[in-house]
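Remarks on the structure that follows.
Numbering (our numbering), first residue to last: 14 to 96.
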């Protein structure tokens, strides 16, 4: 599950920040396309259908690292070392 919260000014949070470029309401969920600061590609986030998205809203995204899988684009190998 992905959690989106409106951007807050608090140095205790270590989140990815960006702004909503486009969103699609799909019934029981919504897809938000997030422009990340300094990144060429967009991040696509799935959230509950009741989240009040607005274009150009600034958001912070916090990941649960237990469920993140990152792979090298060229080799396909995992970029995360798991214990």
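All residues carry an ideal CB built from backbone N, CA and C; glycine is no exception.
From a predicted model like this one, the values you see are computed outputs, not experimental measurements.
Give me whichever residues DSSP pairs with residue 80 in a beta bridge. For this step, residue 80 is matched to residue 67 along the chain shown. DSSP output for residue 80 lists no bridge partner at all.
Would you say the region 26–38 touches the region 64–72, given that touching needs at least three Cβ pairs under 8 Å? yes
Distance, Cα to Cα, residue 59 vs residue 40? Taking the chain shown and counting its residues from 1, the one referred to as residue 59 is at position 46. Taking the chain shown and counting its residues from 1, the one referred to as residue 40 is at position 27. Computed Cα separation, rounded: 12 Å.
Simplified DSSP state of residue 32, which is helix, strand or coil: Indexing the chain shown from 1 puts residue 32 at position 19. In this structure, residue 32 counts as strand in the three-state DSSP scheme.
Other residues of its chain near residue 85: CB distance less than 7 Å, five sequence neighbours each side excluded: Counted from its first residue, the chain shown places residue 85 at position 72. So the qualifying residues of the chain are 92.
For a test of the three-state rule: what should DSSP assign to residue 46, helix, strand or coil? Numbered from 1 along the chain shown, position 33 holds the residue referred to as residue 46. Residue 46 falls in the strand class under three-state DSSP.
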